[in-house]
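Asks:
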Amino acid sequence: MRSFKSSIRRFVLVGTAVLAVAIGGAPAVAQDEAGFQTYINGPLREQALREGVSARTLDAVLPSLTYNPRVIELDRDQPGSSTAAIPAFAPYKARHVDAARINR
Numbered sequence: 010m011r012s013f014k015s016s017i018r019r020f021v022l023v024g025t026a027v028l029a030v031a032i033g034g035a036p037a038v039a040q041d042e043a044g045f046q047t048y049i050n051g052p053l054r055e056q057a058l059r060e061g062v063s064a065r066t067l068d069a070v071l072p073s074l075t076y077n078p079r080v081i082e083l084d085r086d087q088p089g090s091s092t093a094a095i096p097a098f099a100p101y102k103a104r105h106v107d108a109a110r111i112n113r
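Residue numbers (our numbering): 10 to 113.
1) For Ala35, which three-state DSSP category applies?
2) Span of the alpha helix (DSSP H) holding Ile81?
3) Which residue's Cα is closest to the Cα of Gln40: Asp84, Arg65 and Glu60?
4) Quick check: Gly44 and Tyr76, are their CB atoms within less than 9 Å of each other?
5) CA-CA distance, Gln56 and Ala103?
Here you go:
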């Protein structure tokens, strides 16, 4: 039997991975609690299953996820953000990456 610490660590790691997938590919439907729940219980769950996350793990993690409008607000206010789904990297690099930052 796994130790409690090991179980918690695994839960946190899986939860973080699920969130990373959710945040990285969240479509416009996830703009409120209802849309977020639809997304995590539909496309996100299906993608996680395809990528090898067990249904048992998803059943344990997904119900604990909630929509947080503050996260969306902060995401939209990122420096260098644009209205495009995937902004071009070259303009961002020109504005934000210089030798001083690379050498830090």
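Note that CB positions come from ideal geometry on N, CA and C, so glycine has one too.
Replies: In this structure, then:
1) In the sequence shown, counting from the first residue as 1, residue 35 sits at position 26. Only weak support is given to the placement of Ala35: the predicted model assigns it a pLDDT of 49, under 50, and the value that follows is read from those uncertain coordinates. Here Ala35 sits in coil by DSSP.
2) On the sequence shown, residue 81 is found 72 positions in, with the first residue counted as 1. Per DSSP, Ile81 belongs to the alpha helix (DSSP H) from Pro78 to Arg85.
3) Taking the sequence shown and counting its residues from 1, the one referred to as residue 40 is at position 31. Nearest C-alpha to Gln40: Asp84.
4) Locating residue 44 in the sequence shown gives position 35, where the first residue counts as 1. Locating residue 76 in the sequence shown gives position 67, where the first residue counts as 1. Their beta carbons are under 9 Å apart, which means Gly44 touches Tyr76 by this criterion.
5) By 1-based counting over the sequence shown, the position of residue 56 is 47. By 1-based counting over the sequence shown, the position of residue 103 is 94. Cα-Cα distance, rounded: 34 Å.
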